[in-house]
Each structure stands twice: as structure tokens, then as C-alpha cells.
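Below: the structure, in C-alpha cells.
Numbering (the working numbering), first residue to last: -5 to 733.
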């Protein structure tokens, strides 16, 4: 042939990176080996012709999209003896030579880069095909292990840059392991160690994940778990986007964590792993770590109750649990996870016995006892009136039935360890300040099965996480204690007295109310919700001297939340029964007398506060005289904030309010919108208010002039306000998004 391989081309391509070709256009020429003088003449370079083909690099052969001419038949990789770049004198450049039995296939690319790309892609396809054949029928495992190491080295040193370069060897090994399940433990570890370099930058395929899971379960103390699996799991947690598409990755992560927990140090090792995932700084640099860890924990906790959930139709119904009786029927044998219910004799005394977890609700005061009982029995009475035989919600059953305190759920030993480990991880996650807002948001919909919420051990352990939310001063965190939507219970309801998860005397409930009052800025909506659903527990805790609950009851009286006179008298009696409540009630009476005196005496109709005045200055001014007739108040260019709203809402005649260039914000606007419904003119120019506060102005139907110049008003909020404020005639939205 006179053809000489061009080794210089190979040297030049060192350091270059190429994408693996799957198909492409190229010139093809096939030369058969000459055997006679005539065939030499016919195959001379003067008589050669080139054919354009669109070639596809399939898994087992090189084929043309238009099988004709030279490429009428595909060329199998097993038939290719060698692949080399060539250079001929006075001949076309950029050629590859494929040596096949009985001849040679020449491929001519458009440039040297494409030629090298075709060269490396063909070599890769040919070698992968070879390893698939060799490893499909293993005979001696020491030889197989050597071939696997060679395959891994080939993938690591290949100039091809493509996800499939590292995934292809992993898939070959995965298939090998799935078809040979009788390997020894040592062979397992040798194979895992051989493919470890590929796992540093690639997710293991599903079958390989199954193999890793098995190894974690059978040999949790193996050094492979720490040395090889740790960087793999770290990469999964940092880069995985959706466990729904690859559930075995989640299962592998779960089994890895359980394997860490089986070590001598147990949860200390797990804690150090969580710390390594978060990093040493105060902010985790990997946004996917937290949601992935939470997904693993939620799935693991669900799996602890899965056997019972799957057999729910054959277990005692929730109505039977509530009534304490089972109808004779065919049921499955008792499962390791059982729902235990009280005996009929115990339930028959339900009217006279109180549930242990709710025993704190029963107090000596008959008035308070009646209120608690009325609140607790409202839902069952409604259910009975409808005559609906449908199965009630488990949370409702547990909140209503006093005998349900004897109901417990038993887990098997392995399920118990799994539950304890992953709940402990949730507790660890809640200790990180930067993770707590996202964790609270992820847990706000209560993503746990109702069997878990009925399990006292689970709710008791999870209480730590809820406490961390209740202690966090950030509104984005503690607001997640409330339900995600109306008509659905939230953590606030579950851990309040009478709720499924409440196991104390209301300390956590009081803590949640205290922090939520700060974020809600004592809005009527929150107080109305408490009065409607949790008045009994509030009165009970106030009766025991809880300062937060005494303040809540005083606010209910001050804002006229309670309409019923008997209930108002009951609240007053409760407040007067403790020193802290009595003091707060006296202060409330003093404020009410001052307000009535203020309204009676009158005072000026216009008032302008000096510039640089503060909230304290405004409070002293308004408490020093009578301002019942005040209609126009200007606080422009002062230093007042949203805190002064508590004093402004006590001006019954106020119609015009100027807050130009103050620090008055969204919280103050929300409070004004609930109380100053007769306000006609409001100036918010150059204040830090946003859409969150401005939307609350839609309830102030008397507004006819509104200045929102230089605020963070959006166009959508502006349109919403115009639609909901029919009397609005003058509006200034200059230098806003709505301008």
C-alpha cells in the first residue's frame, strides 16, 4: 500500500479534548488487498473513488445511513483489526485507516481536528465493545478484576470528554455484578475499589446502587463504606436534582447513612458527615444538599411505617380505633408494626375518663372546663349531625377522643433504628441557621404519614425541630408553624393542647403563640383564629400564670374579638385569678379609660410632629393630652417606625396621615388597615413599604388620596389596589415599577 501511519498527528492531539461522536458526515473509500497484477492496477490510487456517507457509530458496528456502495454492509467493531491516522505523499489529507480482513477502509475528514475526533471515537467504541464481550462471560475473577482496572484506566485517560465515557464502564460493571450474585465479600470490595476513581465525578447507575446498598446492609463496618462510598454520597447530595428520577440513588444514600450509624461512634459519625456536607462557614455553598437530605429522611421515615400503610385496609379502621371496637372480619395476621387500641371497657367510660396526654386541660375552674370541652367537641358534633359514615381523619380522632392517649404504634427493631437515625438528622439540620428557613418551608405541609403523627415516639423526637422553629426570630421560619393553607392543620395545631403531638402542659404552644404574635403584629386575624380554635388552652395556660397567654386574652378583650358576654366574663375571671393576669387586666382597663377620656375631651384637629422625632416621642405626646378630635396628623421626616402604629390606631377621628420619608413599614400598614378604616388621605412617599404591606390597604375603602411615590410598589399591586379602592381619586406612583 505504501501507507505510513502519521504518528505526529497523535503527538499533536495530546492535551486536546474531543466530544464522543455518535454520527457524522465523512468521505469513505474501501480498498481490497491486491492478489494479482490486474487487481493491483484496479486498486491503484488513480482508479480510486471516494463516496460521501453519513456514518453512525452504533454500539457494535459502523454503519451508513444510506447503505450503498462501499458501506452497503456495516463494519463490525470486532472485524476492525486496527485504527490509525495516515498521511500519503501527494494525496488527500486527514485520512484514517481501518484495517479489516481482506482490505482497508479509508475515512477522510474535513480537517485534522475532525480526523482526530473520529479516530478517538472509533477507538473508544471498539474497546468498549471488546470489554462488553470479555466481561459478559467471566471465568477467572482475578482476570476479570484486572480487565476492570484496565477499563477504568482507559476511561480516565481518554481524550474524549463526554458523560458516557465514565458511565459506560460503570454500566458494564453493573451488569456484570447483577448477573453474578455469588461473589465473595472480598471480591465485592475489590471490584468497588477498582471502580472508585470513576465514581468521584459520576453517579453510579441503578444496578450498581443496588449492589452498593447490599454491601452497606451486609458489611456496614467495612472500610469501603467510609473510604469509597463517602465521596460518592457527597457528590449525590451536592449535585442530584431529583430523586424521583433516580430513586435508587436516594436508597443508596439512606443505606449509607444507616451504615454510618452502625459504627461504634454511631450518631457522632453521622453528625460529622452532616457537618462535612454543610461546610465550615456559616452558609452552606451547595444549595441542593439540604433538600436532598430532607428527601432522604422523609423517605426513610415513611418506610418505617410503610408495611402498616400498605395493610391499612386490613387493619382496624380509624373509626373502630376511635370507638374502641372491632367488627369481626377477616384480617391479615398482626404485623411487626401494630396499631394498639384501648379495650371496649375502657372506651365505654370515655365520658368520665380523661386522656393522659390531655390531662392538663382539666382544671378546677368549672367555667374554664366548660370552655375547653366546648372547643374540643365542636368537630364531632358536626360530624354526627351530617350522618356521614366515612372514616374520619386520624388527627381529628386523636384530638377528639379522650381515650386515644392509650393508642400507640410499635415498630420493629430495624424500623426503630431507621426512624431514630433520620429524625436525629432532621434535628441536626434544624441547628444550622442558614438551613432552618428552607427546612421549615419543606416541613410546613407536614409531609409525614398519619401513622407517624400517631406515633408518640416520633412526635416526641420531632418536637425539638418544632421548638427550633418557634425560637427563630425570622418570620420566614416561624411563620411555617402555621398551616400551608386554610382548612389544613399545621404544626401549630398539632403541638397545641388537644393536638395529636402535644405531650406537655402547653409550654411549646405558648412559645409558638409568643413568636407568632411578634410576626403577626397582633393582627385581628390571628387573634380570631385563636379565639375560635384555641380559646380553652389559652385560658388554661393563663390560669397557670403564663404571661403570653394573659397578654393574648387582654388583646382579645381590647380588640373586641369576643362577642359573647359570658365568655368575656370568663376571660376576665381567668385574668384576675393570677397576679400577672390581674396586672395586665388593670393596665387594659386603664388604657380603655384613657381612650374613652380621650374621645370625650376632644383636643386639636391638626398636629405636626417635629422632624427627627421618634416612636417614644410620639407615644409621650399622645399620652400627655386629649386627641379625640385629631383628624390630620403629619409625621413627615421623623424617625418613627411601624412600632408607632399601636398608638395611631387609638386616634378614632384620624382621616389624614402623612408618613413621608419615615421608616414606617409593612407591619405598621397591616395594623393601620385593620383599625383605621375611615382614613381618607395617606402619604407613604419614600417609605420602605413593599407589596406585602400595600396590599393590606385594600380594606381601607374610604381612601381617596394615596401617595406611594418612591416605594417598592409593583404594577400588579397597583392594579389590585385600584380595583379594590372605589373612592381612590388621587394616586402618586412616580419612581415606582407601576409608573
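From the three backbone atoms N, C-alpha and C, an ideal C-beta is built for every residue, glycine too.
If you drop the 5 nearest sequence neighbours on each side, which residues of the same chain put their C-beta closer than 7 Å to that of residue i?
i, result
"residue 643", "665, 666, 669 and 670"
"residue 160", "149, 192, 195 and 196"
"residue 298", "405, 409, 412 and 413"
"residue 211", "249"
"residue 682", "657 and 659"
"residue 135", "181"
"residue 207", "245, 246 and 249"
Can you tell me whether residue i is helix, strand or coil according to DSSP?
i, result
"residue 611", "helix"
"residue 22", "strand"
"residue 526", "helix"
"residue 225", "helix"
"residue 262", "helix"
"residue 94", "strand"
"residue 351", "Note that residue 351 has pLDDT 36, beneath the 50 cutoff, so the model's placement of it is unreliable and the number below is only indicative. If DSSP states are grouped into helix, strand and coil, residue 351 belongs with the helices."
"residue 155", "coil"
"residue 103", "coil"
"residue 581", "helix"
"residue 150", "helix"
"residue 59", "coil"
"residue 542", "helix"
"residue 13", "coil"
"residue 677", "strand"
"residue 617", "helix"
"residue 559", "helix"
"residue 54", "coil"
"residue 48", "strand"
"residue 727", "coil"
"residue 89", "strand"
"residue 76", "strand"
"residue 701", "strand"
"residue 513", "helix"
"residue 494", "coil"
"residue 706", "strand"
Expressed to the nearest angstrom, what Euclidean distance is found between the alpha-carbon atoms of residue i and residue j?
i, j, result
"residue 472", "residue 431", "9 Å"
"residue 519", "residue 510", "12 Å"
"residue 603", "residue 655", "13 Å"
"residue 5", "residue 132", "Confidence at residue 5 is low in this model, with a pLDDT of 36, below 50, so its placement is unreliable and the value that follows should be read with caution. Near 36 Å, if we compare the C-alpha coordinates of residue 132 and residue 5."
"residue 455", "residue 209", "30 Å"
"residue 440", "residue 663", "31 Å"
"residue 561", "residue 645", "28 Å"
"residue 687", "residue 705", "11 Å"
"residue 627", "residue 615", "12 Å"
"residue 569", "residue 537", "7 Å"
"residue 557", "residue 528", "16 Å"
"residue 478", "residue 725", "35 Å"
"residue 175", "residue 182", "10 Å"
"residue 453", "residue 422", "16 Å"
"residue 469", "residue 418", "25 Å"
"residue 254", "residue 425", "20 Å"
"residue 633", "residue 640", "16 Å"
"residue 675", "residue 692", "14 Å"
"residue 390", "residue 491", "Here residue 390 scores only 41 on pLDDT, less than 50, and its place in the model is too uncertain to base an answer on."
"residue 381", "residue 488", "Note that residue 381 scores a pLDDT of 38, beneath 50, so its modelled location is shaky and nothing firm can be said."
"residue 236", "residue 63", "48 Å"
"residue 587", "residue 434", "43 Å"
"residue 163", "residue 146", "7 Å"
"residue 685", "residue 606", "26 Å"
"residue 107", "residue 115", "12 Å"
For residue i, which residues from the same chain have a beta carbon less than 8 Å from its beta carbon, with the 5 sequence-adjacent residues on both sides left out?
i, result
"residue 283", "231, 232, 271 and 272"
"residue 112", "15, 18, 20, 90, 101 and 103"
Does residue i get closer than 8 Å to chain D when you measure Cβ to Cβ?
i, result
"residue 702", "The structure shown has no chain D; it contains just one protein chain."
Who are the Cβ neighbours of residue i in its own chain at under 6 Å, not counting the five residues just before and after it?
i, result
"residue 290", "244, 247 and 248"
"residue 168", "199, 201 and 202"
"residue 171", "205"
- Message: I want to know whether the region 151 to 158 touches the region 11 to 23 - three or more CB-CB distances under 8 Å.
- Response: yes
- Hey, which unbroken runs of the alpha helix (DSSP H) at 4 residues or more fall wholly within the region 401 to 482? 407 to 424, 430 to 437, 444 to 447, 450 to 465 and 469 to 472
- Counting Cβ pairs closer than 8 Å, one from the region 544 to 560 and one from the region 577 to 589, do we hit at least three? yes
- In chain order, which alpha helix (DSSP H) runs of at least 4 residues are fully inside the region 639 to 687? 639 to 642 and 660 to 669
- Message: Quick check for students: name the residue ranges of the alpha helix (DSSP H) that lie wholly in the region 249 to 306, counting only runs of 4 or more.
- Response: 261 to 272 and 283 to 304
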